Amino acid sequence: MPSRIGLDAAYVSWFQRPWLVEAAVLIVLAGFGWWLFADGSLDLRLAALFYDPGAAEPWPLAEQQPWRFLYRYGPWPGVLAAVVAAAALVGSAWVSRLRPWRRHALCAVLAVAIGPGLVVNAILKDHWGRPRPREVIELGGAHPYQAAWVKGEAGKGKAFPCGHSSVGFVLCLGWLIFRRRRLLAWGFLVFGFGWGVLLGVTRMAAGGHFASDVWWSALIPWAVGLVLYYAVLRIPQHEADLAAGRIDADRPSWPLVVIGAALGCGVLIGALVATPAYRAVRLESATPAPVLLDINASAGDIVLHLVPGSDLRIAGALQGFGFPGGRIEGTLTAIDDVRKVVVSHRGWFSELGGELEVTIDPDRLRGLRARVELGDFTVTGSATRPAICEVQVDRGRKQLPPGW
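If you count the sequence shown from 1, you need to add 1152 to reach this note's numbering.
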């Protein structure tokens, strides 16, 4: 057959082997996921399990243990696996026993860098524009629910897919890399699947992701891993060539040392700049007389509710990802008849957002000054325009009542 169709025997053998089954399973799971979450009802029902609209914090598990610990440190097993693989790649220049595993190590590092790093976070999350559960109208937010496969406005919502769980699910690729060592392969598959599900539930509990985001965060790294393992690095063929003595694995490969070092550093830096930060905000101030409300927010959506009979109340959550040590703050200061609300951050963040709901009696609002650098500013309720009304939104949308 190879001679008739012009293909070499090695390629035919590769083409006939297990990748067909694994690719078929991937396609079936993708189709099943599309059907399962088609109308959004399952997404919303599962998200509602963690949502309590009557609580001071509508997503009460977000700041409770073990969810808070998993949110901050859950991705690190996947990151450390990639760093260990990169170290093995570099060490193969001096340790001969590591040389037969060079392609496997390269596959592991590339799978983490390309799957969770490039495809999930840099390409899809940053540009797909799907609102998070805590941002949709059905769960107390301001945006309509959007199906996972419907592209929204880039940068306005970073739910799809789930970055945390993708770094857990990527560990399942140990099933491919160690497939000749069945116990180890099964260990990676079971642990990776369980860890990915746990991280997905962690993010769902905080209102950060829908179940469909978690579903696709499992399939995308697996698809990347299959392409790398079978098509790009052709590891099964490489193993066959090693066993037959057709290639020499004893020589050090300095280009791979450089590639491994660069990829390992890249994955580690990428993990560090994705360190999560979270701040729940609950502030109140009595307003016995009309006040000037001064709001200054570096990031986040601000929703001002005009509710008769209400004192000044501020509630919401701010979150982001950046370098370790970054902090997000929300403060309320009362000076005479001025109430100053400041949302600020320290450190560098690759993602920063959230939503604060500000509630006040319109009869107690003498004036409004607001500036939002990154986010939307919305006023709900009916009231006459205050004597002072200055609203500036640098990057976002401004929605004010008619006549304002």
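Quick reminder that beta carbons are idealized off the backbone N, C-alpha and C, glycines included. Note that this is a predicted model, so its numbers are computed, not measured.
When the beta-carbon positions are compared, A1311 and P1283 come within less than 9 Å of each other. Note on V1173: under 16 other CB atoms within 10 angstroms of its CB, so exposed under the neighbour-count rule. Rounded to the nearest angstrom, the gap between the Cα atoms of G1412 and V1531 is 52 Å. Ranked by how close their Cα comes to the Cα of A1441, the residues I1512, G1359, R1224 have I1512 in first place.
DSSP places T1427 in the uninterrupted beta strand (DSSP E) bounded by 1427-1437. G1452 and F1202 have their C-alpha atoms roughly 22 Å apart. Excluding five sequence positions before and after E1481, the CB atoms of its chain that fall closer than 6 Å to its own CB belong to S1496, given in chain order. In this structure, the straight-line span from the alpha carbon of S1405 to that of F1184 is close to 43 Å. Sixteen is the threshold: when 16 or more other Cβ atoms of the shown chains lie within 10 Å of the Cβ of K1277, as they do, the residue is buried.
For the pair I1454 and V1433, the CB atoms are not nearer than the 9 Å cut-off.
Between the C-alpha atoms of Y1382 and A1522 there is a straight-line separation of about 55 Å. Minimum Cα-Cα distance from V1493 among the listed residues L1444, V1459, L1424, C1259 corresponds to L1444. When P1514, P1538, G1506 are compared, the shortest CA-CA separation from L1526 is found for G1506. The beta carbon of A1257 lies closer than 8 Å to those of A1237, A1238, A1240, L1241, S1244, L1250, G1412 in the same chain, with the five residues before and after it left out. In this structure G1281 is in contact with A1306, their Cβ atoms being roughly 5 Å apart against a cut-off of 8 Å.
Annotated three-state conformation of L1552 is coil, per DSSP.
For V1177, the enclosing alpha helix (DSSP H) has its first and last residue at 1171-1188. Per DSSP, the unbroken alpha helix (DSSP H) holding L1196 starts and ends at 1193-1200. Residue burial is scored here from C-beta neighbours: G1422 has at least 16 other C-beta atoms within 10 angstroms and is therefore classed as buried. In its chain, beyond the 5 residues on either side, F1475, P1476 have a beta carbon closer than 7 Å to the beta carbon of L1424. Taken in chain order, the complete alpha helix (DSSP H) segments of 4 or more residues contained in the segment 1375-1400 are 1387-1396. Closest option to C1417, judged by alpha-carbon separation, among E1215, G1269, W1338: G1269. Relative to L1415, the option among W1171, R1220, L1262, G1267 whose CA is nearest is L1262.
The beta carbons of L1323 and F1330 sit about 11 Å from each other, so the pair does not count as a contact at 8 Å. Going by DSSP, L1336 is part of the alpha helix (DSSP H) stretching over 1334-1357. Judged by DSSP in its simplified three-state form, D1489 adopts coil rather than helix or strand. Taking 3 residues as the minimum length, the beta strand (DSSP E) runs contained wholly in the segment 1450-1522 are 1453-1458, 1464-1474, 1479-1487, 1490-1498, 1501-1512, in order along the chain. With a 10 Å radius around the Cβ and a threshold of 16 neighbouring Cβ atoms, I1387 comes out buried.
Here A1363 is near F1189, since their CB atoms are less than 9 Å apart. Contact between the segment 1191-1198 and the segment 1370-1382 is absent, with fewer than three C-beta pairs closer than 8 Å. Secondary structure note for C1324: it is in no alpha helix (DSSP H), with a DSSP letter that is neither H nor E.
With contacts defined by Cβ atoms closer than 9 Å, Y1223 and P1373 do not form a contacting pair.
According to DSSP, residue pairing for I1540 in a beta bridge involves G1519.
Beyond the five residues adjoining it in sequence on each side, A1535 comes within less than 6 Å, by CB distance, of L1458, P1514 in the same chain, given in chain order.
Per DSSP, the continuous beta strand (DSSP E) segment holding V1531 begins and ends at 1529-1532.
One thing to note: R1516 has its Cβ within 9 Å of the Cβ of T1439.
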